[in-house]
Amino acid sequence: MRMRGGSVQLQGFYRAVYRTIREGELAANLSSFAINLKFKISTTFAGKLLLENVVCDAEVRVVDVQLVPKLHDLVDEGLRTALDEHTSVVISVPYLQKFPEDKSKMVYIYITEFVLNSFLKKLDTFGNTALLLSAVPEFDGLLQLNCSENLECMGDFLQDAEPYQFDSGTMLLKMRSPAVATLRDGFMLLDLNLKVTVSYVQDGVDVNVLEFDWLLTVRINNAFLNEHLVSKDEAVRITNATLSLVELKMSGVTPYVEMVPNFTEHLQRLIVSRRKALEKLLTEQCSLITVIPDTAYEAVSRTGAFRNRTMLIATDMEWTPEHFSLFS
Numbered sequence: 001m002r003m004r005g006g007s008v009q010l011q012g013f014y015r016a017v018y019r020t021i022r023e024g025e026l027a028a029n030l031s032s033f034a035i036n037l038k039f040k041i042s043t044t045f046a047g048k049l050l051l052e053n054v055v056c057d058a059e060v061r062v063v064d065v066q067l068v069p070k071l072h073d074l075v076d077e078g079l080r081t082a083l084d085e086h087t088s089v090v091i092s093v094p095y096l097q098k099f100p101e102d103k104s105k106m107v108y109i110y111i112t113e114f115v116l117n118s119f120l121k122k123l124d125t126f127g128n129t130a131l132l133l134s135a136v137p138e139f140d141g142l143l144q145l146n147c148s149e150n151l152e153c154m155g156d157f158l159q160d161a162e163p164y165q166f167d168s169g170t171m172l173l174k175m176r177s178p179a180v181a182t183l184r185d186g187f188m189l190l191d192l193n194l195k196v197t198v199s200y201v202q203d204g205v206d207v208n209v210l211e212f213d214w215l216l217t218v219r220i221n222n223a224f225l226n227e228h229l230v231s232k233d234e235a236v237r238i239t240n241a242t243l244s245l246v247e248l249k250m251s252g253v254t255p256y257v258e259m260v261p262n263f264t265e266h267l268q269r270l271i272v273s274r275r276k277a278l279e280k281l282l283t284e285q286c287s288l289i290t291v292i293p294d295t296a297y298e299a300v301s302r303t304g305a306f307r308n309r310t311m312l313i314a315t316d317m318e319w320t321p322e323h324f325s326l327f328s
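Under the numbering used here, the residues of the sequence shown are numbered 1 to 328, in order.
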């Protein structure tokens, strides 16, 4: 459902405006607004209707406020200036950001926040994404059963570590739900809802001793995006671009064996202390992502940028007569 144009009128009263007018009437007209509502209704296997993929955007472009009786000229001008500032603020950010200066490259691809999240949701259905954290030395040290005096580890939290095979601990990370992206000017925030399982070998069998939920918020900036666009033009590449973790929360801790009291607080502290190692691991995993090969045309260089609710990828291309048919 889309709705454009129209007007809304608000009426009310004001009192003691700038200590000049004690009472009066207020009339506000909102016009040139746009409402964009999209939703999808599907049927489940049980025969029930399911409402999903709801997107609602709203924008008010003109706000006209009238005060009766009119204020003194100086006061009225100040109030008008303040109202003009509010009028210029977009209530709901447009779902696509295109700028007039997008002309330096030959091809521009605009990916909205909704489209990106739809892709991440579809990607989650292709299979279980798992990552072995215990392969990282910093987390492998956390799983040790024999702890040194200067290094805390899981052996300090287990009431009885004897049944488990030495140096057999594993920490497996899996996605609980699809990643959610939030696009802003200059960066993207990626929310990851994860489940972590800690296990040890007992009598030749892997035994789960602990599970917990992990909420990570990863910040990806323009520099990282450009670094990993694998551009053929080395001049646009930026080296040493990394991810950063802006939030790391642990919840839903479920022990399956006897633990020492208050072990959750200690475990949270030890995991947070390994933030840099986790950032490095996530950076390495993202570096393994390859760009889709060029099929329609051969790209010379790629640059990217994050904008409010929009990801932009711009490319140049090797122009040959065969390409005329692609853009006719």
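Glycine is no exception: its CB is placed at the ideal position from the N, C-alpha and C atoms.
Inset, instruction - Could you tell me which residues DSSP puts in a beta bridge with Thr-217? - result: If you number the sequence shown from 1, residue 217 lands on position 217. For Thr-217, which the question treats as bridged, DSSP gives the partners Asp-191, Glu-247.
Inset, instruction - Under 7 Å Cβ to Cβ from Met-171, same chain only, skipping five residues before and after it: list those, please. - result: Reading the sequence shown from its first residue, position 171 is the one you call residue 171. Hits under 7 Å: Leu-133, Ser-134, Phe-139, Leu-143, Val-196, Val-198.
Inset, instruction - In angstroms with no decimal places, state the Cα-to-Cα distance between Gly-169 and Phe-45. - result: Sequence index remark: in the sequence shown, residue 169 carries index 169 (1-based). Sequence index remark: in the sequence shown, residue 45 carries index 45 (1-based). Gly-169 and Phe-45: Cα-Cα distance of roughly 41 Å.
Inset, instruction - Flag this pair as yes or no: are the beta carbons of Arg-302 and Thr-310 separated by less than 9 Å? - result: Here the question's residue 302 lines up with position 302 in the sequence shown. Here the question's residue 310 lines up with position 310 in the sequence shown. The criterion of a C-beta distance shorter than 9 Å is not satisfied by Arg-302 and Thr-310.
Inset, instruction - Return the bridge partner residues of Met-171 from the DSSP annotation. - result: Stepping through the sequence shown from its first residue, residue 171 is reached at position 171. Under DSSP, the beta-bridge partners assigned to Met-171 are Val-198.
Legend entry - Own chain residues within Cβ distance below 8 Å of Val-246, not counting five before or after: Position 246 of the sequence shown, counted from the start, is the residue given in the question as residue 246. Around Val-246, the same chain offers Leu-189, Thr-217, Val-218, Arg-219 as residues with beta carbons nearer than 8 Å, after the five sequence neighbours per side are excluded.
Legend entry - C-beta atoms of Lys-249 and Leu-215 nearer than 9 Å: On the sequence shown, residue 249 is found 249 positions in, with the first residue counted as 1. On the sequence shown, residue 215 is found 215 positions in, with the first residue counted as 1. The Cβ atoms of Lys-249 and Leu-215 lie closer than 9 Å to each other.
Inset, instruction - For Leu-131, I'd like the list of residues in its chain whose CB is within less than 6 Å of its CB, leaving aside the five on either flank, ordered along the chain. - result: Residue numbering aside, residue 131 sits at position 131 when the sequence shown is read from its first letter. The answer, listed in chain order, is Leu-173.
Inset, instruction - For Gly-252, name the three-state secondary structure that DSSP assigns. - result: Translated into positions along the sequence shown, residue 252 becomes position 252. Three-state result, Gly-252: strand.
Inset, instruction - Starting from the C-beta of Thr-239, find all residues in its chain whose C-beta is less than 6 Å away, skip the five residues before and the five after it, and write them out in chain order. - result: Taking the sequence shown and counting its residues from 1, one reaches residue 239 at position 239. No answer about Thr-239 holds up, because its pLDDT of 48 lies below 50 and its placement is not dependable.
Legend entry - Residues near Leu-278 by beta carbon distance below 7 Å, same chain, minus five either side: For the purposes of this step, residue 278 is identified with residue 278 of the sequence shown, where counting begins at 1. So the list reads Leu-245, once near-sequence residues are dropped.
Inset, instruction - Output the distance between the C-alpha atoms of Val-257 and Phe-166, rounded to the nearest integer angstrom. - result: The count along the sequence shown starts at 1 and reaches residue 257 at position 257. The count along the sequence shown starts at 1 and reaches residue 166 at position 166. Rounded to whole angstroms, Val-257 to Phe-166 spans 17 Å at the Cα level.
Inset, instruction - Could you tell me if Glu-265 is buried or exposed, where buried requires 16 or more neighbouring beta carbons within 10 angstroms of its beta carbon? - result: Here residue 265 is taken as the residue at index 265 of the sequence shown, counted from 1. Burial call: exposed.
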